[in-house]
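Notes to accompany the following structure.
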Amino acid sequence: MSSALNIGSQALTANLSALQVIGHNIANVNTAGYSRQTVEMRSAGYQAMGGFFLGKGVELGTVARMHDAYLTREAQLSSSVASADSERLARLAQLENIFPTGESGLGAAMNDLLNAWSDVASSPTNMAARSVVIGRGEEIASRLRDTAGQLDILNTSARQQVGDTVNNINRLAEDIAKINQKIMENQGSAGEPNDLLDQRDQLIGELSKLVQVSTVNADDGRINVFVAGSQPLVLGSGAARLAVVPDSTDGAQQRIQFQQGGSSMELAGSALGGELGGVMQFIDEDLKDVTNQIGRMALALATTVNTQHALGVNLQGGTGEPFFVPPADVAGLPVPTNTGNAAMHAEVSDPTALQPSDYQVNFTATGVDIVRLSDGQISSFAGLPAELDGLSFQIDSGAAATGDGFLVRPFAAVARNMQMAVSAADRLAAASPVMVAPGSGNTSGMGIVSLYPVEPSANLTDPVTLTFLADGSFTATGLGPGNPPPDNVGPPASYNYTPGQPIVLNGWSLTLRGNPSAGDSFAITAAPSTNYGQNGGNAGGMLALRDLATFDGVSLANGYSSVLSDIGTRVQGAQFAASYSGQVAASNEAARAAVSGVNLDEEAARLLQYQQAYQAAAKYMQIAQGTFDTLIQTMR
C-alpha cells in the first residue's frame, strides 16, 4: 500500500509543480525577455514484485525554458544592425534640417552676392548698389558661420550621446558579469536557473542594441561576451570596459578605447555596430564629410572672390583689398610618435581643384606620401613643398624624420571663421586696370561685351593690339611672356576667334560679339585714373565668377546644390538601410518569440490538462487511502 500512496503523492507533487510553472508563465506573459517554461516529467522507474515489474509512478525531471539559442543570436545580431541604421538615420535627418533650400539656403545667399555685382558693373558710381554688395557679403558670411555653428551643436550632441552609450554599455557588462556569477552558483545537476538565464539574455539583448556582440558559452553556465570581433567585454564574472578618449593627434576628435586591466586598445568606431557604431559612423564619416564640403565651399568662395577683387581698382584708385577676411593657412597636427622637429602647413594654391577631405602627410625614407583620407588615395612626392588637390603642403621650420606624420584638416574651421573684410562702399574694387577701345577704321560693327583682369600678370596693363585677318582669326602685338602660343603658326601667327568666347591674354579676359572684317582692330591699354568712376570692368569679372567651374566641375554659383545632393543621397541610403534592417530585426524577433513567448491559449489548455491530472491523482490518493484504512480495520 505504501507504493500506491507514493505513486499518488508523487503524481500530486508533479502535477502541482506543472500548475505552478503554468501560473508562472501566465504571470509573466508581458515580461520582456521572459521565455516560456515547461515541466518535463519522467517515469519514476519500476520495482519487481512476484515476477512482475510494477511502475513506481512519475517524478519531476526538470523545468526547462523554451529557448532557441540560434534564433536568439539572430535576433540580437539583427537588432544591433537595425539600431545602428536607425540611429544614423535619425542623426542624418537632423543634419538635413540644417541645410534648407530656397531663399533661406546658403545657395541663395551665394547667388545673391555674385548677382549683386551686376548693378555695380552697370553703374560703378552707384553707392547704393555697392552697399548692397557689402550687405550680400555679410549675409553669406553670416549664414556660413551659422551653419558651422549648427554643425558644431550637432557634433557636441552626438559626442555626448557616445559618452552616455558607453556608460550604458559598461553598466550592462557589469550586470551580465554579476548574473554570470549567480548562474554558476545556482547551477543544478537536474535543472537550470531559467529566470536568471532569461535575465542574462535580456541584458545581452539590450547590450546588442548598443554595440554588436558575439557570445561563447562556458562549461560552468557562464557566458563570455566579445565586442569588436575579439575583445572580451565580459569574461565569466569579470567585466572589462569601454572608454571615450580624445584622439591622440587631434584632440577635438574622440575615439573609443577598450580597457582591460592596465592595457587599452583603440577600436574603430563605425565597426562597433549598434547604436554606438551608428553614432560614431555619423560623426566620423557623415558629419566630417559634410563639414569638409561646407568648409571647401567657404574656402573656395573666399579665395576666389578675394583673388578677383585684388585685381580691381577701388574709387580711391587703390588696388583691391581682400573682400573676405583671408582664411588662415592650416597647420599640420603632428602625430604624437614624431621624432623630428618639423612644423608644416597647407595653403590654397588652386581653389577650383579643392577636394572635401582631410589629409595625412607621412614622411618616408624616399620622400613624402600624402593620403587623401576621404578615399585613401596615396600620392607620393620627393619632398615638400608639394601640390595636391589645389593645396600646397609646405614645411615651416625644422626637419621631419622618417616615420613622422601630420594630420591636415584644411576645411574644418573655415566656415566658422568666415568674416567680411570690406566695410566701406568706396573700397569695392569694381574698376578694371585695363580698358579696350575699338579701332577707328572698324567696319564690321563688332561690339565689346566685357574686359576684366583674370590673374595678376606683370604685363596686365601693357598695350596690346588685336588685328583681325580675312579668315576671322586675329594677331596680337605687344604680348608679354607666359601667354598661350598662337593657334596658327602663320605667317602671320594668329589666334582663332569665336564670337562670344573670351580671349584670355596678358592676364585679362576680353569678350567680343559679332563677326569681324579684315583689318578690324581693338587696343587694350591701361585704364586712366580718371576712368575709375565710370569703369565697372572688375565688377563684371566678379559677376563672371558665377560660372567658374569650382566644385568638381560644378560652377561656384551652384556649389551648394552639390552639398544638398550629397546629403540627400546619404539620407536616402540611410532610409533604405534602416527600413530593411528594421524589417529583418522584427522578423527575427517574431521567430524567437514564436518559440519562447507565452501563448495564453496554450497555457489555458495546459492548465486544464494538469488540473485534471492533479484531480485524478488526488482521487487516486483518496482511493488508496480508503483501501489502506479498510485493510487496517480488517486486520484488527
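Per the working numbering, the sequence shown starts with residue 34, numbered consecutively. Even glycine gets a Cβ: it sits at the ideal position worked out from N, Cα and C.
Run the CB neighbour count on residue i, radius 10 Å, all protein chains shown included, and call it buried at 16 or more, exposed below.
{"i": "Val363", "result": "buried"}
{"i": "Asn325", "result": "buried"}
{"i": "Val62", "result": "exposed"}
{"i": "Leu633", "result": "exposed"}
{"i": "Glu136", "result": "exposed"}
{"i": "Val278", "result": "exposed"}
{"i": "Lys652", "result": "exposed"}
{"i": "Met668", "result": "exposed"}
{"i": "Gln666", "result": "exposed"}
{"i": "Thr663", "result": "exposed"}
{"i": "Thr81", "result": "Sequence inspection shows Ala at residue 81; the Thr mentioned does not correspond to that position. Exposed, since its Cβ has fewer than 16 Cβ neighbours within 10 Å."}
{"i": "Val165", "result": "buried"}
{"i": "Met34", "result": "Residue confidence for Met34 is low, a pLDDT of 49 falling below 50, so the modelled location carries little weight; the figure read from the coordinates is stated next. Its Cβ having fewer than 16 others within 10 Å, Met34 is exposed."}
{"i": "Ser190", "result": "exposed"}
{"i": "Glu622", "result": "buried"}
{"i": "Glu73", "result": "exposed"}
{"i": "Ser527", "result": "buried"}
{"i": "Gln194", "result": "buried"}
{"i": "Val522", "result": "exposed"}
{"i": "Ile202", "result": "buried"}
With distances taken Cα to Cα, identify the nearest neighbour of residue i among the options.
{"i": "Gln534", "options": "Gly254, Ala577, Ser155", "result": "Ala577"}
{"i": "Gly463", "options": "Leu230, Gln183, Asn339, Leu406", "result": "The residue you asked about is not Gly; residue 463 is Ala in the sequence shown. The candidate whose alpha carbon is nearest that of Ala463 is Asn339."}
{"i": "Asp101", "options": "Ala624, Gln658, Asp280, Gln644", "result": "Ala624"}
{"i": "Ala261", "options": "Val246, Gly269, Ala191, Thr563", "result": "Val246"}
{"i": "Gln286", "options": "Gly271, Ala273, Gly302", "result": "Gly302"}
{"i": "Ser263", "options": "Gly269, Val249, Ser270, Asp253", "result": "Val249"}
{"i": "Asn492", "options": "Thr336, Thr510, Ala446, Gly353", "result": "Thr510"}
{"i": "Trp541", "options": "Pro486, Gly431, Gln658", "result": "Pro486"}
{"i": "Leu366", "options": "Ala445, Thr508, Ala415, Asp317", "result": "Ala445"}
{"i": "Ala77", "options": "Asn621, Glu92, Ala65", "result": "Glu92"}
{"i": "Val469", "options": "Ser425, Glu318, Pro496", "result": "Pro496"}
{"i": "Thr372", "options": "Gln194, Ala432, Arg329", "result": "Ala432"}
{"i": "Leu320", "options": "Ser562, Ala657, Asn621, Arg603", "result": "Arg603"}
{"i": "Thr46", "options": "Tyr79, Ile59, Gly94, Ala60", "result": "Gly94"}
{"i": "Tyr613", "options": "Ala117, Leu184, Gln349", "result": "Ala117"}
{"i": "Gly170", "options": "Asp145, Thr337, Ile212", "result": "Asp145"}
{"i": "Glu354", "options": "Ala343, Arg329, Gln235", "result": "Ala343"}
{"i": "Leu689", "options": "Pro360, Asp228, Ala142, Asp322", "result": "Residue 689 falls outside the range modelled here, since the chain spans only 34 to 669, and no answer is possible."}
{"i": "Ser156", "options": "Val631, Gly573, Glu107", "result": "Gly573"}
{"i": "Ser477", "options": "Pro532, Asp252, Phe414, Leu230", "result": "Pro532"}
{"i": "Gln393", "options": "Gly409, Met99, Ser595", "result": "Gly409"}
{"i": "Asp197", "options": "Gln341, Leu230, Glu308, Ala448", "result": "Glu308"}
Please report the distance separating the alpha-carbon of residue i from that of residue j.
{"i": "Gln109", "j": "Ser175", "result": "47 Å"}
{"i": "Ala97", "j": "Arg69", "result": "9 Å"}
{"i": "Ala149", "j": "Pro133", "result": "22 Å"}
{"i": "Ile289", "j": "Ala331", "result": "31 Å"}
{"i": "Ala115", "j": "Gly438", "result": "37 Å"}
{"i": "Ala206", "j": "Gln314", "result": "23 Å"}
{"i": "Ala650", "j": "Gly306", "result": "55 Å"}
{"i": "Thr583", "j": "Ala626", "result": "56 Å"}
{"i": "Gly566", "j": "Ala386", "result": "35 Å"}
{"i": "Ala454", "j": "Glu318", "result": "33 Å"}
{"i": "Gly586", "j": "Ser241", "result": "44 Å"}
{"i": "Phe357", "j": "Asp280", "result": "32 Å"}
{"i": "Gln235", "j": "Ser296", "result": "29 Å"}
{"i": "Pro561", "j": "Arg178", "result": "40 Å"}
{"i": "Leu184", "j": "Val199", "result": "23 Å"}
{"i": "Ala376", "j": "Thr158", "result": "47 Å"}
{"i": "Leu499", "j": "Thr352", "result": "27 Å"}
Using a threshold of 8 Å, is the CB atom of residue i nearer than that to any non-hydrogen atom of the ligand NAD?
{"i": "Ser190", "result": "For the ligand NAD, the structure offers nothing, since it holds no ligand at all."}
Using a C-beta cutoff of 9 Å, does residue i count as contacting chain D?
{"i": "Thr563", "result": "As a matter of chain content, chain D is missing from the structure shown, which is built from one protein chain."}
> In chain order, which beta strand (DSSP E) runs of at least 3 residues are fully inside the region 412–468?
Replying inline: 419–421, 424–430, 438–441
> Between the region 475–492 and the region 535–549, do three or more beta carbon pairs fall short of 8 Å?
Replying inline: yes
>> Ignoring anything shorter than 3 residues, give me the beta strand (DSSP E) runs that lie fully in the region 532–605, in order along the chain.
In response: 536–538, 541–546, 554–559, 582–584
> In chain order, which continuous runs of the alpha helix (DSSP H) of length 4 or greater are located wholly inside the region 229–288?
Replying inline: none
>> Tell me whether the region 277–296 and the region 397–406 touch, counting them as touching only if at least three CB pairs, one residue from each stretch, are closer than 8 Å.
In response: In short, these stretches do not touch, since the Cβ pair count stays below three.
> Within the chosen definition, does the region 43–61 reach the region 628–648 through at least 3 CB pairs nearer than 8 Å?
Replying inline: yes
> Can you list the beta strand (DSSP E) stretches of 3 or more residues lying completely in the region 160–191, in chain order?
Replying inline: none
> Touching or not, the region 113–128 and the region 604–616, by the rule of three or more beta carbon pairs under 8 Å?
Replying inline: yes
> Can at least three beta-carbon pairs, one atom from the region 468–476 and one from the region 416–431, be found at a separation below 8 Å?
Replying inline: no
>> Please give me, in chain order, every unbroken run of the alpha helix (DSSP H) with length at least 4 that falls completely inside the region 297–360.
In response: 307–314, 321–343
> Unbroken beta strand (DSSP E) runs of length 3 or more, entirely within the region 53–115: which are they?
Replying inline: 70–76, 79–82, 85–88, 91–98
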